[in-house]
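Peer 1:
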Amino acid sequence: MAVELRDDSDTGSDLSCPGSPSPSSPTPSHSRSSNNNSKRGQGIVDHATFDQLVDMDDEDEFSKNLVHNYFEQAQRAFGDMDAAMSSSDLVALSRLGHFLKGSSAQLGLLKVKASCEKLQYYGQGMDAAGQHSHISNEEAEEQIKILLIQMRREYEEAETYLRYFYGELPLPESPSEE
Amino acid sequence: MCTTSTTSLLQDSKTSSTFFNKAITNMSASSPILSTISPPSSPAMSIESDFEDQDETTTTTTVQQPRKIKVMIIDDNSVNLTILSRLLNKHFADTIQLTSVQNSGLSALDQLTKDEVDLILMDIDMPVLSGVETTTAIRNNDSHSEHSILEQNMKVPIIAVTTSDAEEQRELYRQVGMADCVSKPIAIPKLRMAIEEAMKTVSTNG
Numbered sequence: 001m002a003v004e005l006r007d008d009s010d011t012g013s014d015l016s017c018p019g020s021p022s023p024s025s026p027t028p029s030h031s032r033s034s035n036n037n038s039k040r041g042q043g044i045v046d047h048a049t050f051d052q053l054v055d056m057d058d059e060d061e062f063s064k065n066l067v068h069n070y071f072e073q074a075q076r077a078f079g080d081m082d083a084a085m086s087s088s089d090l091v092a093l094s095r096l097g098h099f100l101k102g103s104s105a106q107l108g109l110l111k112v113k114a115s116c117e118k119l120q121y122y123g124q125g126m127d128a129a130g131q132h133s134h135i136s137n138e139e140a141e142e143q144i145k146i147l148l149i150q151m152r153r154e155y156e157e158a159e160t161y162l163r164y165f166y167g168e169l170p171l172p173e174s175p176s177e178e
Numbered sequence: 179m180c181t182t183s184t185t186s187l188l189q190d191s192k193t194s195s196t197f198f199n200k201a202i203t204n205m206s207a208s209s210p211i212l213s214t215i216s217p218p219s220s221p222a223m224s225i226e227s228d229f230e231d232q233d234e235t236t237t238t239t240t241v242q243q244p245r246k247i248k249v250m251i252i253d254d255n256s257v258n259l260t261i262l263s264r265l266l267n268k269h270f271a272d273t274i275q276l277t278s279v280q281n282s283g284l285s286a287l288d289q290l291t292k293d294e295v296d297l298i299l300m301d302i303d304m305p306v307l308s309g310v311e312t313t314t315a316i317r318n319n320d321s322h323s324e325h326s327i328l329e330q331n332m333k334v335p336i337i338a339v340t341t342s343d344a345e346e347q348r349e350l351y352r353q354v355g356m357a358d359c360v361s362k363p364i365a366i367p368k369l370r371m372a373i374e375e376a377m378k379t380v381s382t383n384g
């Protein structure tokens, strides 16, 4: 049975709608509260994609190690982005955006992936949708400066969520649901 | 590891067995290494004769199961390589043998001068040599070195695995000789279908 595992939403908009597809009915094996994490994941992590990785876990904790590798990769990428920003290297910023987009997409990190794609486009002088625009390099840099702040925030949100997922952070007290 | 000995091909219950059989049969016909492999449609036979004029050595013929499809994956992103490797080993273990993992187009070209593969899964946006450039080099036997790409590898099916999957980009991939494009994040059914279709071209083109 074919299952559409990819979320085509590129806008980075909040996807915390009840209808968000999660065909695998994820039960995070590492979390303390699967219900809370499933709901918190909405908009941050596409569990349809992410759970495919968790499903491949053996005793080697494949998905956890993979996520940690991603954390390291992302930190290096952010450092490289800062350096490229300092030297106004839009080409490098675009390349870095694309690079991190791929692994973010593979982990189902929706917002990070969307922002990485915007960075890729801005660095090429395009608009957020990937259409050619007539903005100057300076304007593109300004957009990227704002975007990098947003991207870091989105990444930290994703990292925190994933650390909760793997039990590396204690779950905060959940407000009682109405 | 890739070897020239035959290995049993256990049909994945989720896949159509027909295309794999045809692809392997076709490869057998063209490859001296695989020429000892009988198509799976050939019945397994064990012949032992009691006739007096039988040569004292009895002849036993057992069916040779098709070997697995040897796959090379190429991606400059280690996270992506790890995921794809795991995916192939977990979900395609019955039919695919991951024989080569490369993190650049250049290293892939070098490897293709040495070892034969049956299928390549390739990222597109890579530094130095992109997936498009690497594919073009493979098709044109341009290994970027003094060695030639092995003849079989020049026609090997290549599937793009990428987030750059807009229609105009897919058309470019087709133009340079890629068989298909699978979007990231990888959906296993779509990857399976792309591999099936790509291997069909091997069976029909010889």
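Chain order of the listed sequences is A and B.
Heads up: the first sequence is residues 1 to 178, going by my numbering.
Heads up: the second sequence is residues 179 to 384, going by my numbering.
We treat Cβ as the ideally placed atom computed from N, Cα and C, and that holds for glycine.
(1) Looking at C-alpha atoms only, which residue of B:296, B:350 and B:278 is the closest neighbour of residue 310 (chain B)?
(2) Is the shortest distance between the beta-carbon of residue 148 (chain A) and the beta-carbons of chain B less than 9 Å?
(3) Does DSSP put residue 273 (chain B) in a helix, a strand or coil?
(4) Scan the region 90–110 of chain A for residues whose Cβ lies nearer than 8 Å to a Cβ of chain D and list them as they occur along the chain.
(5) Using 8 Å as the Cβ pair cut-off and three pairs as the minimum, do the region 319–335 of chain B and the region 76–85 of chain A touch?
(6) Quick check on the DSSP output: the alpha helix (DSSP H) that includes residue 292 (chain B) runs from which residue to which?
(7) Answer yes or no: do residue 253 (chain B) and residue 102 (chain A) have a C-beta to C-beta separation smaller than 9 Å?
(8) Assess, as a yes-or-no matter, whether the region 131–140 of chain A is touched by the region 100–119 of chain A under the definition of 3 or more beta carbon pairs within less than 8 Å.
(9) Indicate whether at least one CB of chain A lies closer than 9 Å to the CB of residue 256 (chain B).
(10) Can you give the Cα-Cα distance for residue 379 (chain B) and residue 251 (chain B), rounded to whole angstroms?
(11) Provide the residue span of the beta strand (DSSP E) that contains residue 299 (chain B), from first to last.
(12) What residues match up with residue 68 (chain A) in a beta bridge as DSSP calls it?
(13) Could you tell me which of A:41, A:99, A:55 and A:94 sits nearest to residue 140 (chain A), measuring between CA atoms?
(14) Between residue 366 (chain B) and chain A, is there a C-beta pair that is closer than 9 Å?
(15) Can a CB atom of chain A be found closer than 9 Å to the CB of residue 301 (chain B)?
(16) To which residues of the same chain is residue 302 (chain B) closer than 7 Å at the C-beta, ignoring the five residues directly before and after it?
(17) When you compare each of B:372, B:362, B:295 and B:375 to residue 117 (chain A) by their alpha carbons, which one comes out closest?
(18) Answer yes if the region 287–305 of chain B comes into contact with the region 313–323 of chain B, meaning at least three C-beta pairs across the two stretches below 8 Å, and no otherwise.
(19) With H, G and I counted as helix, E and B as strand and the rest as coil, what does DSSP make of residue 207 (chain A)?
(20) Would you say residue 45 (chain A) and residue 119 (chain A) are within 9 Å of each other, going by their C-beta atoms?
(21) Between the alpha carbons of residue 255 (chain B) and residue 284 (chain B), how many angstroms are there, rounded?
(22) Could you tell me if residue 377 (chain B) is buried or exposed, where buried requires 16 or more neighbouring beta carbons within 10 angstroms of its beta carbon?
(23) Anything in chain B within Cβ reach of residue 66 (chain A), meaning under 9 Å, just list it in chain order.
(24) Sorry if obvious, but does the Cβ on residue 144 (chain A) come closer than 8 Å to a heavy atom of the ligand NAD?
(25) Scan the region 49–61 of chain A for residues whose Cβ lies nearer than 8 Å to a Cβ of chain B and list them as they occur along the chain.
(26) Would you say residue 308 (chain B) faces chain A, with C-beta separation under 9 Å as the test?
Peer 2: On the basis of the supplied data:
(1) B:350
(2) no
(3) coil
(4) Looking for chain D here will not work: the only protein chains present are A and B.
(5) no
(6) No alpha helix (DSSP H) holds residue 292 (chain B); DSSP gives it neither H nor E.
(7) yes
(8) no
(9) yes
(10) 19 Å
(11) 297–300
(12) Note: residue 68 (chain A) sits in no beta bridge, so no partner.
(13) A:94
(14) yes
(15) yes
(16) 308, 309, 310, 338, 340 and 342
(17) B:362
(18) yes
(19) Only positions 1 to 178 of chain A appear in this structure, which leaves residue 207 (chain A) out of reach.
(20) no
(21) 15 Å
(22) buried
(23) 257, 260, 261 and 264
(24) The model depicted lacks the ligand NAD and carries no ligand whatsoever.
(25) 49, 52, 53 and 56
(26) no
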